Amino acid sequence: MSRRDCQHTSRVALAVGGTLLGWPWCAEAHLVTTGLGPVYDGIGHLLVTPEDLLPVLALALFAGLRGAGAGRRVLGVLPSAWFVGGCVGLLAHGLPVFPIPALSLLILGTLVAADLRLPLPAVSALALGLGLVHGLLNGVAMQQTGAGGLGLLGLLAALFVLVALVAAGVVSLHQQWTRIAVRVAGSWMAAMGLLMLGWFLHGGN
Amino acid sequence: MRPTRNDPGRLPWLGAMTLMLVWTSWAQAHIEHGQATGFVTGFGHPWSGFDHVLAMIAVGIWGAQLGAPALWLLPVIFPMVMAQGAFLGLIGLPLPGGEVGIALSALLLGAMVGGEVRPKLVLAALLVGALAVFHGHAHGTELPAGQNGLLYSMGFVIATGCLHGLGIALGLLHRWPTGKLALRGAGALIAAMGMLFLWKALA
Chain L
107 MSRRDCQHTS RVALAVGGTL LGWPWCAEAH LVTTGLGPVY DGIGHLLVTP
157 EDLLPVLALA LFAGLRGAGA GRRVLGVLPS AWFVGGCVGL LAHGLPVFPI
207 PALSLLILGT LVAADLRLPL PAVSALALGL GLVHGLLNGV AMQQTGAGGL
257 GLLGLLAALF VLVALVAAGV VSLHQQWTRI AVRVAGSWMA AMGLLMLGWF
307 LHGGN
Chain U
163 MRPTRNDPGR LPWLGAMTLM LVWTSWAQAH IEHGQATGFV TGFGHPWSGF
213 DHVLAMIAVG IWGAQLGAPA LWLLPVIFPM VMAQGAFLGL IGLPLPGGEV
263 GIALSALLLG AMVGGEVRPK LVLAALLVGA LAVFHGHAHG TELPAGQNGL
313 LYSMGFVIAT GCLHGLGIAL GLLHRWPTGK LALRGAGALI AAMGMLFLWK
363 ALA
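If you're matching them up, the sequences are chains L and U in order. Number 311 marks the last residue of the first sequence (our numbering); no jumps. Number 365 marks the last residue of the second sequence (our numbering); no jumps.
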């Protein structure tokens with residue numbers, strides 16, 4: 107593929123991904139309660155909620171595949187965007203249902219599986235879109251459960267550590283089979299996203 | 163021996179430990195209805211049909227026989243296309259001849275393994291992808307109600323990957339002459355079973 111084709115593909119992928127991720131609808135809003143206070147509720151929420159955890163892992167894997175620069179960029183952009191989305195969500199009042207986690211997984215999983223060489227701004231845009239949308243959902247959930255800003259803070263801390271560990275882990279992979287294993291994981295995530303989407307259209311939860 | 167900083171042997175352990183640390187949803191002290199049920203039911207579904215199991219193992223064995231990049235490409239294509247088939251089933255799009263397609267998949271993939279056929283990668287991928295649609299569609303139309311969508315999907319896809327992994331592990335026998343023969347025998351057996359499934363589907 108020529109450089110121009112690659113850029114064109116990147117732009118198309120970015121536009122489609124950004125539009126879908128930035129679509130102002132949302133899925134279910136819920137929050138895990140640990141009994142240890144709002145900060146731990148926020149930390150626990152990210153780690154035990156596959157709807158948030160898997161897209162974040164997919165983005166971290168993708169950033170790791172794209173190199174240390176992309177990993178550092180995502181590490182900065184994703185928590186920031188999540189924070190902004192979360193703050194907006196804390197002020198919002200209910201949102202219509204839409205399978206955002208399914209779309210996030212489908213898009214990011216496909217990118218990981220294809221190991222698409224997106225430029226750094228495109229990776230940043232993906233992190234921005236994911237952070238804003240999922241942050242918004244979390245903000246609404248925290249507002250409803252009363253976890254509030256402290257819950258969001260805990261979640262952001264967990265998010266930062268998770269992305270840093272996963273992206274750095276993938277960046278350090280040099281053997282071919284290990285990178286292939288990451289891409290296989292991406293294909294599984296894309297398949298999960300597609301199944302979730304079908305499930306949603308079927309009328310399930 | 164003291165492990166070095168870049169010891170590749172530590173990677174699987176680190177991966178397993180990370181997985182265990184993040185896989186804590188079942189350890190919560192509060193009740194979340196349908197969570198584990200969704201994952202367990204999804205994980206069990208691909209193992210529930212012998213025809214599905216044989217076809218997915220055959221994909222792994224065939225990939226191992228063909229070597230890289232088919233070794234990892236075929237087991238990537240199968241779950242992704244199978245998910246597309248399941249998507250079609252979930253939204254209610256009919257696929258005629260589903261049972262025949264599944265039986266044919268065991269027959270054809272078994273024949274590929276038995277004959278140790280080495281087509282071009284594109285052709286192998288197309289064949290595997292086309293057959294995966296039937297498996298996915300069947301699973302999509304059979305999904306039980308009342309499950310957690312994401313957890314069910316996770317279990318379903320991971321189980322499919324495990325079946326391919328099992329096939330790839332069996333395919334490691336291909337390194338030895340006797341193992342090659344054993345794999346070809348297994349392929350012939352899968353093809354024979356596929357013939358039986360086909361006869362039942364058409365009867």
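Even for Gly, the Cβ is constructed at its ideal location relative to N, Cα and C. Predicted model only: the values in this text are computed from it and were never measured.
Determine the DSSP secondary structure at residue i, reduced to helix, strand or coil.
i: D221(L); result: coil
i: W338(U); result: coil
i: F204(L); result: coil
i: K362(U); result: helix
i: T186(U); result: Reliability fails at T186(U), whose pLDDT of 47 lies under 50, so the model's placement of it is uncertain and the value that follows must be treated cautiously. The answer is coil: DSSP assigns T186(U) none of H, G, I, E or B.
i: W305(L); result: helix
i: H199(L); result: coil
i: T155(L); result: coil
i: L305(U); result: coil
i: P256(U); result: coil
i: G380(L); result: Residue 380(L) lies beyond the residue range present for chain L, which begins at 107 and ends at 311; the question has no answer from this structure.
i: G173(L); result: coil
i: G143(L); result: coil
i: I193(U); result: Residue confidence for I193(U) is low, a pLDDT of 40 falling below 50, so the modelled location carries little weight and cannot support an answer.
Taking only beta-carbon atoms, is residue i less than 8 Å away from chain U?
i: L293(L); result: Looking at the sequence shown, residue 293(L) is not Leu but Ser. Yes, its Cβ sits closer than 8 Å to a Cβ of chain U.
i: P156(L); result: yes
i: I149(L); result: no
i: I286(L); result: yes
i: E134(L); result: Any reading at E134(L) is ruled out, since the residue's pLDDT is 45, under 50, leaving its predicted position unreliable.
i: A187(L); result: no
i: W131(L); result: Low local confidence applies: a pLDDT of 43 at W131(L) is under 50, so the model's placement there is unreliable, and no value is given.
i: A164(L); result: no
i: A219(L); result: yes
i: A297(L); result: yes
Shorter than 8 Å from the beta carbon of residue i to some beta carbon of chain L?
i: L228(U); result: no
i: F296(U); result: no
i: G225(U); result: no
i: Q190(U); result: Residue confidence is low: Q190(U) scores 39 on pLDDT, short of 50, so the model does not pin down where it sits. No coordinate-derived value is stated.
i: M274(U); result: no
Just to make sure I have the definition right: I need the residues of chain U whose C-beta is within less than 8 Å of the C-beta of residue i. Which are they?
i: M302(L); result: G311, L312, S315
i: M248(L); result: Residues of chain U passing the Cβ test: none, with the nearest at roughly 17 Å.
Give the residues of chain U in contact with residue i, contact being defined as C-beta atoms less than 7 Å apart.
i: H308(L); result: L252, I253
Could you please give the first and the last residue of the uninterrupted alpha helix (DSSP H) stretch that includes residue i?
i: R280(U); result: Careful: R280(U) lies outside any alpha helix (DSSP H) and carries neither H nor E.
i: A220(U); result: 212-228
i: L236(U); result: 232-252
i: G327(U); result: 311-333
Show which residues of chain L have a CB atom less than 8 Å away from the CB atom of residue i.
i: I320(U); result: W294
i: V430(U); result: Because chain U spans 163 through 365 in this model, residue 430(U) falls outside it and cannot be assessed.
i: F205(U); result: Per Cβ cutoff of 8 Å: no residues; F205(U) is ~13 Å from chain L at best.
Mind listing the chain L neighbours of residue i? Cutoff is C-beta to C-beta under 9 Å, in chain order.
i: W234(U); result: W283, I286, A287, R289, V290
Within the 8 Å Cβ cut-off, does residue i reach chain B?
i: P207(L); result: Note that chain B does not occur in the displayed structure, where the protein chains are L and U.
Just to make sure I have the definition right: I need the residues of chain L whose C-beta is within less than 7 Å of the C-beta of residue i. Which are they?
i: G302(U); result: G304
i: G222(U); result: Here the premise fails: no neighbours, minimum Cβ distance about 12 Å.
i: P347(U); result: Reading off the sequence shown, one finds Gly at residue 347(U), where the question assumed Pro. Under the 7 Å cutoff, chain L gives no residues; its nearest Cβ is about 28 Å from G347(U).
Entirely enclosed alpha helix (DSSP H) segments - the segment 213-290 of chain L, minimum 4 residues: Runs of the alpha helix (DSSP H) inside the segment 213-290 of chain L: 226-251, 254-277.
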